[in-house]
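Asker: Quick one: this structure, given as structure tokens, is what I'll be asking you about.
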Amino acid sequence: MLRREIPHHAREGRVIRVARSHIAPAPLVGELSPLQPHQPWDEHMQPLCYWHDEPVALQVESAPGDGWIEGRQWLSELPASWFSLLATALQVGAWLENHRFCSRCGERASKLEAEFAMHCYACGHRNYPRISPCIITLVTRGEAMLLARSPRFPPGRYSTLAGFIEPGESAEEAVHREVFEEVGVHVDQLRYHHSQAWPFPHSLMLGYFAEATTQRIMIDGVEISDAAWFSPRQLPALPPPYSISRDLIETHLARWR
Numbered sequence: 081m082l083r084r085e086i087p088h089h090a091r092e093g094r095v096i097r098v099a100r101s102h103i104a105p106a107p108l109v110g111e112l113s114p115l116q117p118h119q120p121w122d123e124h125m126q127p128l129c130y131w132h133d134e135p136v137a138l139q140v141e142s143a144p145g146d147g148w149i150e151g152r153q154w155l156s157e158l159p160a161s162w163f164s165l166l167a168t169a170l171q172v173g174a175w176l177e178n179h180r181f182c183s184r185c186g187e188r189a190s191k192l193e194a195e196f197a198m199h200c201y202a203c204g205h206r207n208y209p210r211i212s213p214c215i216i217t218l219v220t221r222g223e224a225m226l227l228a229r230s231p232r233f234p235p236g237r238y239s240t241l242a243g244f245i246e247p248g249e250s251a252e253e254a255v256h257r258e259v260f261e262e263v264g265v266h267v268d269q270l271r272y273h274h275s276q277a278w279p280f281p282h283s284l285m286l287g288y289f290a291e292a293t294t295q296r297i298m299i300d301g302v303e304i305s306d307a308a309w310f311s312p313r314q315l316p317a318l319p320p321p322y323s324i325s326r327d328l329i330e331t332h333l334a335r336w337r
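Residue numbers (the working numbering): 81 to 337.
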């Protein structure tokens, strides 16, 4: 399992190769793994964590190679026990790709060994991995669930409602605002479920249930292309099993079976 300790004293171990939300599969026959064989580390690699007590480093490359697998596909192909390692690699990889220069003065930044941080020796500014808090909410009315479609979804798929928390806003305030903005429905009886790191590229999803106090749906047709109330006995295509959205839905369905 994953141990969140940076192996900054290690000079060799396993390696994950990442580029633009893709990870290279290891050259193994009959086994799919994101962990490259044990090897020496160079100065360009980022010590990442321990996986089953073995040190792991991240190698960020400029572009994915042939046969590299997109992050969501990795999550769908491997058991749930791999989620924390894959999410950590993808999120730290995206941060390293996008923060090579100081956001204050523009000079090149340098990795620090003992923590995830990019330090600018020109002005002293230090940058840490970005984590963007979001709410994700299953709106219900009795057994019925309000699910919506984004124009980006695969055909036929519906999901729960989600959005970023704005500056100065609590998570609960964001639930009320996002639900009303996206589908025009008012809610109450908010219940926190749990959270999930979502490394596409750097979200932290805070999962909620909310009971609708109004039923009429009004969408803007831009962020949401369609929304509807669904019975547990007549469901559309749902989000993938590894997502918190699917977990919210399955948790609600279990109450009505």
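Don't be surprised by glycine CBs; every beta carbon is placed ideally from N, CA and C.
Check whether the Cβ atoms of H102 and S212 sit closer than 9 Å, and answer yes or no.
Answerer: With contacts defined by Cβ atoms closer than 9 Å, H102 and S212 do not form a contacting pair.
Asker: Could you tell me if C200 is buried or exposed, where buried requires 16 or more neighbouring beta carbons within 10 angstroms of its beta carbon?
Answerer: buried
Asker: Among residues of its own chain, excluding the 5 on either side of A160, which ones have a beta-carbon nearer than 7 Å to its beta-carbon?
Answerer: Y322
Asker: Might you give, ordered along the chain, the residues of its own chain that have their beta carbon closer than 8 Å to the beta carbon of R152, omitting 5 neighbours on each side?
Answerer: F280 and P320
Asker: Would the beta-carbon of R229 fall within 9 Å of that of Y238?
Answerer: yes
Asker: Look at the alpha carbon of I329 and the alpha carbon of E291, and state the distance between them as a whole number of angstroms.
Answerer: Whole-angstrom Cα-Cα distance: 14 Å.
Asker: Give a yes or no on contact between the stretch 83–100 and the stretch 163–182, applying the rule of three or more CB pairs nearer than 8 Å.
Answerer: yes
Asker: In chain order, which continuous runs of the beta strand (DSSP E) of length 3 or greater are located wholly inside the stretch 231–283?
Answerer: 241–244 and 267–278
Asker: Starting from D306 and walking both ways along the beta strand (DSSP E), at which residues does that stretch end?
Answerer: D306 to F310
Asker: Quick check: what's the CA-CA separation for F181 versus H266?
Answerer: If you draw a straight line from the Cα of F181 to the Cα of H266, it comes to about 43 Å.
Asker: Decide if T220 is buried, meaning its Cβ has at least 16 other Cβ atoms within 10 Å, or exposed.
Answerer: buried
Asker: Decide if E253 is buried, meaning its Cβ has at least 16 other Cβ atoms within 10 Å, or exposed.
Answerer: exposed
Asker: Which of the three DSSP states, helix, strand or coil, is assigned to D93?
Answerer: Checking the sequence shown, residue 93 turns out to be Gly, not Asp. Reduced to three states, the DSSP call for G93 is strand.
Asker: Return the CA-CA distance between A251 and L108, expressed in angstroms with no decimal places.
Answerer: 44 Å
Asker: Among G93, L270, Q119 and P127, whose alpha-carbon lies nearest the alpha-carbon of R84?
Answerer: Nearest of G93, L270, Q119 and P127 to R84, Cα basis: P127.
Asker: In whole angstroms, give me the CA-to-CA distance for D327 and N207.
Answerer: 33 Å
Asker: Determine the burial state of C129: buried for a count of at least 16 other Cβ atoms within 10 Å of its Cβ, exposed for fewer.
Answerer: buried
Asker: List the residues that DSSP assigns as beta-bridge partners of V302.
Answerer: For V302, which the question treats as bridged, DSSP gives no partner whatsoever.
Asker: Measure the alpha-carbon distance for P235 versus H273 and round it to whole angstroms.
Answerer: P235 and H273 have their alpha carbons spaced roughly 28 Å apart.
Asker: Looking only at its own chain, which residues have a Cβ that is under 6 Å from the Cβ of V184, when we skip the five neighbours before and after it?
Answerer: According to the sequence as given, residue 184 is Arg; it is not Val. Here R184 has C203 and H205 as same chain residues with Cβ atoms under 6 Å from its own Cβ, once five neighbours each way along the sequence are excluded.
Asker: With burial defined as no fewer than 16 other Cβ atoms inside 10 Å of the residue's Cβ, what is the status of V302: buried or exposed?
Answerer: exposed
Asker: Quick one, which of R271, I297, L176 and T294 has its alpha-carbon nearest H332's?
Answerer: The closest CA to that of H332, considering only R271, I297, L176 and T294, is found on R271.
Asker: Three-state secondary structure (DSSP) at R229?
Answerer: strand
Asker: With a threshold of 16 other CB atoms inside 10 Å of the CB of G93, please say whether the residue is buried or exposed.
Answerer: buried
Asker: H332 by DSSP, collapsed to three states: which one?
Answerer: helix
Asker: Quick check on the DSSP output: the alpha helix (DSSP H) that includes A174 runs from which residue to which?
Answerer: F163 to N178
Asker: Using three-state DSSP, classify E291 as helix, strand or coil.
Answerer: The DSSP-derived three-state label of E291 is strand.
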